[in-house]
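S.K.: Dumping the structure here so I can ask a few things about it.
Protein chains in written order, with the working numbering: chain A, 1 to 224; chain B, 225 to 637.
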């Protein structure tokens, strides 16, 4: 599903150039649940940006769902994100002036799904994550775990091929973290490919495989 | 652009931020409101000033005698100066061209009795003027019925009279004045017309008779009080030169010291009107200045609020991008939001201002302030300016916000 070969990426900050990724090789198969671990500065977030089509890479090849991702226009990248990827963030990033149902429906809005169908599907997804009763609540009225479940429902809304989760339990206590992880595992059990970026080893342990990143290269676990 | 979903999203976002919406809306509405109201007041002032000049023709020069202040050429001071029939050709020789003029004899109080053949004879005390035919234009009076004094009346010293509305009201009531006979200070006149003067309350209490008749009956010599010249379409500068020559000539003939300002007077309405016009022009500029400053303050406020709003929404914009929004759709969302906000609140301010001016306008009736009105072009201009400012101030931050990589924007700091 995901295939990276020799991915490099550097940022120039003023006079000096910072080589963040120095040739990343990894592969994630369809239906896998994979953790990416690494200390801060290892290039985790840069890798996630590239995986999520939110940033371009300098060298190497990236194939997503069998398609080569290179030199994408901004519009085409947005289109591919919409069709292939679902995001889950550490700080949930729900839009705080929209209700749970409206947040879940947002990706469908960008897919130009008609309004009525958006409502039906967002409610179904909220039911799937056990929050149908909270459909008309604002994020500020919900607990952290509930918010993350709404965010997961939102990531599922566009019917993606891969879910990218960036520290999905980073802002949650351990009990809620377990709930969220079991939800992710459940979805994985239904066939969803998942990449979870984390620095917590027990979260990584709950995944099928751990890819360790260090100083811009994959240290271990890049391939099955 | 006319995607219903996009507009719903816009409406949703605008309504979801009541504080921001209220603040932005308020500064826009206030800016437009103040600008339009100020302009309306400016028009009120203009109409007031113009009303002041409704009494007499603006293009006229008024010549009259007075009393000397300075002894000169063997004459004592405090000598009364009279204009005489003989002065008319001399004054005329100082003029470039004289389309029309009227001599004038004034009597403040004359007893007027209606010689009513079938009933009582009501009487009253009114003003009297002996005038030439051109007087009706120079005094800006309107003929209501019959006719005004004409050339033959003056040539033949006919005993005819044209009466003002107060005389009609007090003596004739509902009876027909034209054709009736009135006795003025003991002399019988026939009423040939009625007039009104919208610019002067006093003039409406006056009876006009031919100049020559008045002079023959009520003066012992060939003197008169005033002579009024029309200046036609001469330039203001030319009229100032002309009135200066007339003054110089008259002072010389009447032996008035050149520095004596009270001996004879030549008032140039052109000059006075030009002065008022320039004062008014100044007031207008001042009002424009204030209006533009208000608009600018409003625009800066709006730009500020929108810029902060977009900055606050960096995360929201990041989320939208991650969920598949294109940069274009985000920028157009932000810009549509600010445009809708501007248009709605701007129109609100406009309606309030128009409402205020139209309700207050009929009440405002001061000498120098009449009939304020709304200038729609200015209102529209202000609205367009604010909308453009809204677009520009929303666009800049929105473009910067979409340039940020979402994962950075969405990470906890």
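We put the beta carbon where it would ideally sit given N, CA and C, even for glycine.
By the three-class DSSP mapping on this structure, what secondary structure does residue 363 of chain B have?
M.R.: coil
S.K.: Three or more C-beta pairs under 8 Å: does that hold for the segment 134-149 of chain A against the segment 167-176 of chain A?
M.R.: yes
S.K.: Could you give the C-beta distance for residue 287 of chain B and residue 315 of chain B, rounded to a whole number, given that I count them as a contact under 8 Å?
M.R.: 7 Å
S.K.: Taking all protein chains shown into account, decide if residue 229 of chain B is buried (16 or more other Cβ within 10 angstroms of its Cβ) or exposed.
M.R.: exposed
S.K.: Does the pairing of the segment 411-425 of chain B with the segment 369-380 of chain B give three or more beta-carbon distances under 8 Å?
M.R.: The segment 411-425 of chain B makes contact with the segment 369-380 of chain B: 3 or more CB pairs, one atom from each, lie closer than 8 Å.
S.K.: State yes or no: is the beta carbon of residue 74 of chain A nearer than 7 Å to at least one beta carbon in chain B?
M.R.: yes
S.K.: Taking buried to mean at least 16 other C-beta atoms within 10 Å of its own C-beta, is residue 458 of chain B buried or exposed?
M.R.: buried
S.K.: For residue 292 of chain B, does the three-state DSSP call read helix, strand or coil?
M.R.: coil
S.K.: For residue 110 of chain A, which residues in chain B fall below 9 Å Cβ to Cβ?
M.R.: 544, 547, 548, 549, 550, 553
S.K.: Please decide whether residue 188 of chain A counts as near chain B, where near means a Cβ-Cβ distance under 7 Å.
M.R.: No - not a single Cβ of chain B is within 7 Å of the one on residue 188 of chain A.
S.K.: For residue 455 of chain B, count neighbouring C-beta atoms within 10 Å of its own C-beta (all shown protein chains included) and say buried if the count is 16 or more, exposed if not.
M.R.: buried
S.K.: Can you name the residues that DSSP bridges to residue 300 of chain B?
M.R.: DSSP, once it has assigned bridges, lists no residue as partnering residue 300 of chain B.
S.K.: Name, please, each residue of chain B whose Cβ falls closer than 8 Å to the Cβ of residue 159 of chain A.
M.R.: In chain order: nothing, as chain B lies at least about 12 Å away.
S.K.: So, for residue 238 of chain B: in the same chain, excluding its five sequence neighbours on each side, which residues have a beta-carbon less than 8 Å away from its beta-carbon?
M.R.: These residues qualify, in order along the chain: 245, 561, 564, 565.
S.K.: Closest Cβ-Cβ distance between residue 235 of chain B and chain A: below 7 Å?
M.R.: no
S.K.: Determine, using beta carbons only, whether residue 597 of chain B and residue 296 of chain B come nearer to each other than 7 Å.
M.R.: no
S.K.: Taking residue 149 of chain A as the query, report the chain B residues whose CB atoms sit under 7 Å from its CB, ordered along the chain.
M.R.: Going along chain B, no residue has its Cβ under 7 Å from residue 149 of chain A, so there is no contact; the nearest lies around 16 Å.
S.K.: Have a look at residue 291 of chain B and residue 484 of chain B and give me their C-alpha separation to the nearest angstrom.
M.R.: 9 Å
S.K.: Using a C-beta to C-beta distance shorter than 8 Å, which residues of chain A count as neighbours of residue 539 of chain B?
M.R.: 93
S.K.: Applying the criterion that 16 or more other CB atoms from any shown protein chain within 10 Å of the CB defines a buried residue, is residue 332 of chain B buried or exposed?
M.R.: Label assigned to residue 332 of chain B: exposed.
S.K.: With a threshold of 7 Å between beta-carbons, can residue 240 of chain B be considered close to chain A, or not?
M.R.: yes
S.K.: Residue 622 of chain B and residue 559 of chain B look like a contact to me (Cβ under 8 Å); what is the Cβ gap, rounded to whole Å?
M.R.: 7 Å
S.K.: So what's residue 225 of chain B in DSSP terms, helix, strand or just coil?
M.R.: Below a pLDDT of 50, predicted positions are generally treated as unreliable, and residue 225 of chain B, at 43, falls in that range; the measurement from the model is reported next regardless. Correct three-state label for residue 225 of chain B: coil.
S.K.: In its own chain, which residues sit with a C-beta less than 8 Å from the C-beta of residue 201 of chain A, not counting the 5 before and 5 after it?
M.R.: So the qualifying residues of the chain are 37.
S.K.: Residue 346 of chain B and residue 395 of chain B - do their beta-carbons sit closer together than 7 Å?
M.R.: yes
S.K.: Can you tell me which residues form a DSSP beta bridge with residue 447 of chain B?
M.R.: B/308
S.K.: Note down, in chain order, every chain B residue with its Cβ under 8 Å from the Cβ of residue 82 of chain A.
M.R.: 547, 548
S.K.: Look at residue 7 of chain A and residue 24 of chain A and say whether their C-beta atoms are less than 7 Å apart.
M.R.: yes
S.K.: When you compare the CB of residue 106 of chain A with every CB in chain B, is at least one pair closer than 7 Å?
M.R.: yes
S.K.: Use the C-beta contact count for residue 231 of chain B: other C-beta atoms within 10 angstroms, 16 or more gives buried, fewer gives exposed.
M.R.: exposed
S.K.: From the beta carbon of residue 35 of chain A, is the nearest beta carbon of chain B less than 7 Å away?
M.R.: no
S.K.: Once DSSP output is grouped into helix, strand and coil, what is the label at residue 56 of chain A?
M.R.: Residue 56 of chain A: coil per DSSP, three-state reduction.
S.K.: Per DSSP, residue 35 of chain A is paired with what?
M.R.: A/196, A/210
S.K.: Are the Cβ atoms of residue 277 of chain A and residue 153 of chain A separated by less than 7 Å?
M.R.: Given a span of 1 to 224 for chain A in the structure shown, any question on residue 277 of chain A remains unanswerable.
S.K.: Near residue 637 of chain B, what residues of its chain come up, given a Cβ to Cβ distance below 8 Å and the 5 sequence neighbours on each side ignored?
M.R.: Residue placement at residue 637 of chain B is flagged as unreliable, the pLDDT there being 44, under the threshold of 50; the coordinate-derived value follows with that caveat. Nothing meets the Cβ criterion.
S.K.: Between the beta-carbon of residue 26 of chain A and the beta-carbon of residue 163 of chain A, is there less than 7 Å?
M.R.: For the pair residue 26 of chain A and residue 163 of chain A, the CB atoms are not nearer than the 7 Å cut-off.
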